[in-house]
Amino acid sequence: MAKQVFKRPEALKDNIFHYCPGCGHSIIHRLVAEVIDELGIRGKSVGVPPAGCAVLAYNYIDVDMGEAPHGRAIAVATGIKRVYPDLIVFTYQGDGDLAAIGTAETIHAANRGERLTVIFVNNGVYGMTGGQMAPTTVLGQTTTTTPGGRIALRDGYALDLSRMLALARGTVYIERTAVTSPKNIIKTKKAIRKAFQAQIDNLGFALVEVLSQCPVNWKLSPVEACKWVEEEVVKTYPLGVIKDTTKESN
């Protein structure tokens with residue numbers, strides 16, 4: 337009898353993804369679901385997706401979900417976690433949410449060391465509303481609101497929120513990964529697992545930033561979009577562990 341080595345995660349619903357061709361969200365959804373299954377926490381996990389491309393995450397990740405207004409996912413997640421401290425609470429947010437309208441909630445929750453797991457999907461644009469410049473848009477990048485490319489003097493610099501959060505005393509684990517290749521996808525899964533484990537161990541605030549391709553809004557093919565991340569985006573947002581004090585906390 338053949339041995340099954342690959343299957344749909346139980347924590348991933350059997351629904352067709354609505355994301356654009358080549359988008360990284362569907363890959364990240366699957367990784368979150370796989371980690372939830374492997375850690376055996378599906379029955380006590382609660383996700384909080386706010387507005388943005390991932391607003392319909394509840395259609396795909398099969399755990400209890402609490403929707404949040406734009407930018408307020410971490411605030412809502414904080415309330416859930418404080419009322420039900422035994423739950424595993426995670427947010428799933430884009431850069432236009434977490435690093436823009438939700439900046440204050442993000443920074444203060446990290447500084448307080450809220451026991452949360454944050455999945456931060458950075459595709460450098462406001463994907464749902466037409467591809468406008470986001471705080472994370474890299475210099476020179478073309479968007480619908482920067483047709484000639486982002487210019488520092490006019491638009492400011494790309495915001496590296498993950499490195500800023502690493503300065504907060506309440507953060508215990510921050511890593512930046514990508515989903516542009518099998519190798520990077522494997523690393524992303526390991527990072528997501530570690531971020532959940534930090535919460536299980538009650539250590540502090542944990543965040544995984546995932547550089548994700550957005551071919552449609554970038555006006556590139558999926559292959560070209562992956563290449564753009566690996567050759568250009570990583571110059572501003574290098575991959576790797578930014579902060580890890582989990583071993584010290586244990």
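Numbered per the numbering used here, the sequence shown spans residues 337 to 586.
Cβ coordinates follow ideal geometry from the N, Cα and C atoms, glycine included.
- In this structure, Ala-531 and Gly-540 do not form a Cβ contact; the two beta carbons are roughly 11 angstroms apart against a cut-off of 8 angstroms.
- Per DSSP, Gln-549 lies in no alpha helix (DSSP H) and is assigned neither H nor E.
- It is roughly 20 angstroms from the alpha-carbon of Thr-572 to the alpha-carbon of Lys-519.
- Phe-456 is bridged by DSSP to Gln-429, Glu-545.
- Thr-481 and Gly-467 have their C-alpha atoms roughly 8 angstroms apart.
- Contact annotation: the segment 391-403 does not touch the segment 471-479, with fewer than three C-beta pairs closer than 8 angstroms.
- If you ignore the 5 residues before and after Thr-581, its C-beta comes within less than 7 angstroms of the C-beta of Val-508, all in its own chain and listed in chain order.
- Per DSSP, Ser-557 lies in no alpha helix (DSSP H) and is assigned neither H nor E.
- The Cβ atoms of Cys-389 and His-354 lie no closer than 7 angstroms to each other.
- Cβ contact annotation for Glu-545 (same chain, cutoff 6 angstroms, sequence separation greater than five): Phe-456, Asn-458, Ser-498, Arg-512, in chain order.
- In this chain, Ser-517 is not harboured by any beta strand (DSSP E), its DSSP state being neither H nor E.
- In the structure shown, Thr-480 falls within a coil segment according to DSSP collapsed to helix, strand and coil.
- The C-beta of Glu-450 has 16 or more other C-beta atoms within 10 Å across all chains shown, which makes the residue buried.
- For Asp-580, there is no enclosing alpha helix (DSSP H); the residue is part of the beta strand (DSSP E) that begins and ends at 576-580.
- Ranking Pro-558, Leu-367, Ala-411 by CA distance to the CA of Phe-342 puts Leu-367 first.
- Only exposed fits Arg-418, as fewer than 16 other CB atoms lie within 10 angstroms of its CB.
- A distance below 6 angstroms between beta-carbons, with the five flanking residues on each side excluded, links Pro-574 to no residue of its chain.
- If you draw a 10 Å sphere on the C-beta of Ala-413, you find 16 or more other C-beta atoms in it, and that means buried.
- Gly-415 sits in a helix when the DSSP states are folded into three classes.
- For Ala-561 and Glu-441, the gap between their C-alpha atoms comes out near 30 angstroms.
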